[in-house]
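So for the sequence shown, the numbering used here puts the first residue at 1367; every next one is plus one. Notes for the one structure printed next.
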Amino acid sequence: MYDQGTQAVSRRRSVRTYPSGRSGRRTGHSQEQVRLAQLVVCFVLFLTIFLWKGIFPQKLVQVRDDVLNLISTDFNFQEALSNLGESLAGSETVLSDLGEFCIEVFGTAPQAPQAEPAETVSFQPPQPGDMLAAELQFLSGGPSLAARAAHYADFSPFGLEAAFPEEPAQPEVSPPAEEATEPEEPPAVPAAGTVTVISDYNGQPLPENYTMDQVSLGELETMTPVQGRLNSEYGYRVHPILGQNIFHGGVDIGGQMGDPIAAFAAGTVEYTGENDSYGLYLQVDHGNGVKSFYAHCSKIEVVKGQAVAMGDTVARIGSTGTSTGPHLHLELKFNKTHLNPAYYVDFLGE
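Okay, structure coming up:
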């Protein structure tokens, strides 16, 4: 049986329990807000890391397709949120729970694509869930500044490579190529009659039409008529027979009686003759004003007007005329000026 006092107590108890039940509903609502905020944080963190890792505008199309696939998929978000709430309620590592939640929502890592020929391989971006889980795991380890810099400079997961300025390649310095040496051309031969060597002669005055200077014979090819010793030089001397200081207008080259005398150069026999001074003699005209004279010969082998080549035998060594023994008296002339034959022939013993 109830009295009024008992009813009043009951009413007070019921009033006390009512606010308590209402407070429980508020607590459940607050927990849902917390989970929703955590979900928002998860997505914000995902987007931050995803963009930080190098998502470019051309990759947004792929992101859009992934979101559309996620929306159209019959996925139980309520169960996922429930699992996230239970994990957060009994775990101290919020980052790991958020990672597991995102993996559950976005799926697991895709299977490695089959290798295709190099020409047709296309880049397959990693799944967002795997990327987020990897980033959360990396960040939860408290990496150093250097480790973070190295980690976020790696664009290989996206099929990209970091572009760093490269030093310009230094061209290889090859040793200078040896210049092809062309054969040196012989110096131009001075024209016949050009003085090439001026003599320092300071003796007695020279007779008319005699010079001690060396004069060019032009391009005339020459040779030594007789191979022998120099018995008497060109210039003033005491005559071996007359005993007078007389100018010797040629050179005396010793030899054996009857030895051949060769033509100094190609030319034409101008004349032959004989007298008391020179004995048997002849003169050959070589052209361009150059002439050669041979004396004291024992025999003349050519006749006037005969063409001879350089080296042809024109006479034989003798001792005719004013002579002390077999030898060749050789004179050279250019336009009636007598030259020193020693500039143009060789002697034995030199």
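Where a beta carbon is used, it is the ideal one built from N, C-alpha and C, also for glycine.
query	result
Alpha carbon to alpha carbon, how far is A1500 from S1506? Give it in angstroms, no decimals.	10 Å
Taking the alpha-carbon positions, what's the Y1637 to Q1570 distance?	32 Å
In whole angstroms, what is the alpha-carbon distance linking S1582 and K1670?	27 Å
Can you look up Q1580 in the DSSP assignment and give me helix, strand or coil?	strand
By the three-class DSSP mapping on this structure, what secondary structure does P1626 have?	strand
Where does Q1503 sit, in a helix, a strand or coil, going by DSSP?	helix
Taking only three categories from DSSP, how would you classify A1631?	coil
The beta strand (DSSP E) spanning R1595 covers which residue range?	R1595 -> no beta strand (DSSP E), and no H or E assigned at all.
On the criterion of 16 or more Cβ atoms from any shown chain inside 10 Å, does H1704 qualify as buried, or is it exposed?	buried
Only counting the same chain, and skipping five residues up and downstream in sequence, which positions put a Cβ closer than 8 Å to that of V1555?	S1582, G1584 and E1585
Going by CA-CA distance only, name the one from G1601, S1664 and M1589 that's closest to T1688.	S1664
Just to confirm before moving on: does the CB-CB distance between V1617 and Y1600 stay below 9 Å?	yes
For F1700, list the residues DSSP reports as bridge partners.	V1656 and T1703
How far does the beta strand (DSSP E) with G1559 in it extend, from its first residue to its last?	Careful: G1559 lies outside any beta strand (DSSP E) and carries neither H nor E.
With H, G and I counted as helix, E and B as strand and the rest as coil, what does DSSP make of Y1567?	coil
Among all the DSSP beta bridges, which residues are the ones paired with H1316?	Lying before the first or after the last residue shown, residue 1316 is absent from the chain, which here runs from 1367 to 1716.
For the stretch 1625–1633 against the stretch 1678–1686, are there 3 or more C-beta pairs whose distance is under 8 Å?	yes
Who does Y1710 pair with in a DSSP beta bridge?	Bridge partners of Y1710: none, in fact.
Does DSSP classify A1661 as helix, strand or coil?	strand
Just to confirm my understanding: we take T1590, look at its own chain, exclude 5 residues before and 5 after, and list those with CB closer than 6 Å. What are they?	V1711 and D1712
If we ignore side chains and look at the alpha-carbon of each, how far apart do L1646 and N1568 end up?	34 Å
Does the distance from the C-beta atom of V1656 to that of L1648 stay below 9 Å?	no
Please report the straight-line C-alpha distance between E1668 and L1698, rounded to a whole angstrom.	It should be pointed out that residue 1668 corresponds to Val in this sequence rather than to Glu. Taking the straight line from one Cα to the other gives about 19 Å.
With DSSP run on the structure shown, which of helix, strand or coil describes A1513?	helix
Look at the Cβ atom of H1693, then the Cβ atom of G1620, and state whether they are nearer than 9 Å.	yes
Report all residues from its chain with a CB closer than 7 Å to the CB of Q1622; omit the five preceding and five following residues, and keep chain order.	I1683 and P1692
Please state whether the Cβ-Cβ distance between T1686 and Y1660 is less than 9 Å.	no
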